[in-house]
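Note that the protein sequences, when read in sequence, are chains Z and S.
-2 is the number of the first residue of the first sequence in our numbering; add one for each residue after it.
3 is the number of the first residue of the second sequence in our numbering; add one for each residue after it.
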Amino acid sequence: GGIITQTPKFLIGQEGQKLTLKCQQNFNHDTMYWYRQDSGKGLRLIYYSITENDLQKGDLSEGYDASREKKSSFSLTVTSAQKNEMAVFLCASSIWGISNERLFFGHGTKLSVL
Amino acid sequence: GDSVTQTEGPVTLSEGTSLTVNCSYETKQYPTLFWYVQYPGEGPQLLFKVPKANEKGSNRGFEATYNKEATSFHLQKASVQESDSAVYYCALRGATGGNNKLTFGQGTVLSVIP
């Protein structure tokens, strides 16, 4: 089996600060994702990447940048943290087109902005 | 675009009672439908998926039938346990070639009281 590791687990930032979240996977999956999780709003896609150096915008990409420098890693940057913002950011990976297709998720990074 | 709507939570049940979480979807394509479950402190994990209309998926006593006519995929369990307390997400993946995204519902929080 494999694992998705997100760092840090908790992130506290200041309003206006640029913050970076990191994700590593050892499944050797092609596609990686960043979702934002808010209570009552479910999981909303921010960015995804179907291969190294590829980036695709999701529904919630404004205010974020992403980078896929290599197949195993995918980072997300909050370009300017919003005051009182609180959310969990989930990284996932997948391989499609086979019978056991699914998303595998990390445990999340919890963001709080003071 | 695609959308998924679920039963609003939180849902609180006593052990041994039955569960239904409604899920309705909108998409222009013929999707694969998923149920994911998220336990406290973890990322979501696949409960089961159904790729074809009119088929049923099941796992750990949970089941759902892909109803193409009603565009529904309701989750049911005959007798819930305290260990079923979690957040449940309905999701779809559109059938267009190269579609690597999952669209999630807002999630339903389930608490089971012993």
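C-beta: ideal position from N, C-alpha, C; glycine also.
Three or more Cβ pairs closer than 8 Å define a contact, and the region 34 to 50 of chain Z falls short of that threshold against the region 2 to 22 of chain Z. Leaving aside the five residues that flank S:Arg62 on each side, none in its chain has a CB nearer than 6 Å to its CB. By the rule that beta-carbons nearer than 8 Å mark a contact, S:Gln31 does not touch chain Z. With fewer than 16 other beta carbons inside 10 angstroms of its own, Z:Asp56 counts as exposed.
Leaving aside the five residues that flank S:Ser60 on each side, the residues in its chain whose CB is nearer than 7 Å to its CB run, in chain order, Phe50.
Neighbourhood of Z:Leu87 in chain S, by CB distance below 7 Å: Gly45, in chain order. S:Ser81 carries a coil assignment under DSSP once its states are collapsed to helix, strand and coil.
According to DSSP, residue pairing for S:Ser74 in a beta bridge involves S:Ser26 and S:Asn69. Closer than 7 Å at the C-beta level to chain Z, one finds these residues of the region 93 to 113 of chain S: Asn102, Lys103, Leu104, Phe106, Gly107, Gln108 and Gly109.
Along the region 23 to 42 of chain Z, going in chain order, the ones with a CB nearer than 7 Å to a CB of chain S are Thr28, Gly37, Lys38, Gly39, Leu40 and Leu42.
Residues of chain Z with a Cβ closer than 7 Å to the Cβ of S:Leu48 are, in chain order, Arg99. Secondary structure note for Z:Gly10: its beta strand (DSSP E) is the uninterrupted segment Phe7 to Gly10. About 6 Å separates the CB atoms of Z:Leu52 and Z:Arg65; that is less than 8 Å, so the two are in contact. For Z:Asn50, the closest C-alpha among the options Z:His26, Z:Gly(-2) and Z:Lys68 is that of Z:Lys68. If you keep only unbroken beta strand (DSSP E) runs of at least 3 residues inside the region -2 to 42 of chain Z, you get 1 to 4, 7 to 10, 16 to 22 and 28 to 35. Where S:Glu17 is concerned, there is no enclosing beta strand (DSSP E), because DSSP gives it neither an H nor an E. For S:Tyr91, the chain Z residues whose Cβ falls inside 8 Å of its Cβ are Gly39 and Leu40, in order along the chain. One Cα belongs to S:Thr110, the other to Z:Gln11, and the distance between them is close to 31 Å.
By a beta-carbon distance limit of 8 Å, S:Phe75 contacts S:Leu35. Their separation comes to about 5 Å. Excluding its 5 nearest sequence neighbours in each direction, Z:Ser58 has C-beta neighbours in its own chain below 8 Å: Ile43 and Tyr44, listed in chain order. Under the 8 Å criterion on CB atoms, S:Lys51 is classed as interfacial with respect to chain Z. Counting every other CB atom within 10 Å of its CB across the protein chains shown gives S:Thr14 a total below 16, marking it as exposed. For a Cβ distance threshold of 9 Å, residue set Gly43, Glu44 and Gly45 of chain S lies close to Z:Gly105, ordered along the chain. Going by DSSP, S:Asn61 is part of the beta strand (DSSP E) stretching over Lys58 to Asn61.
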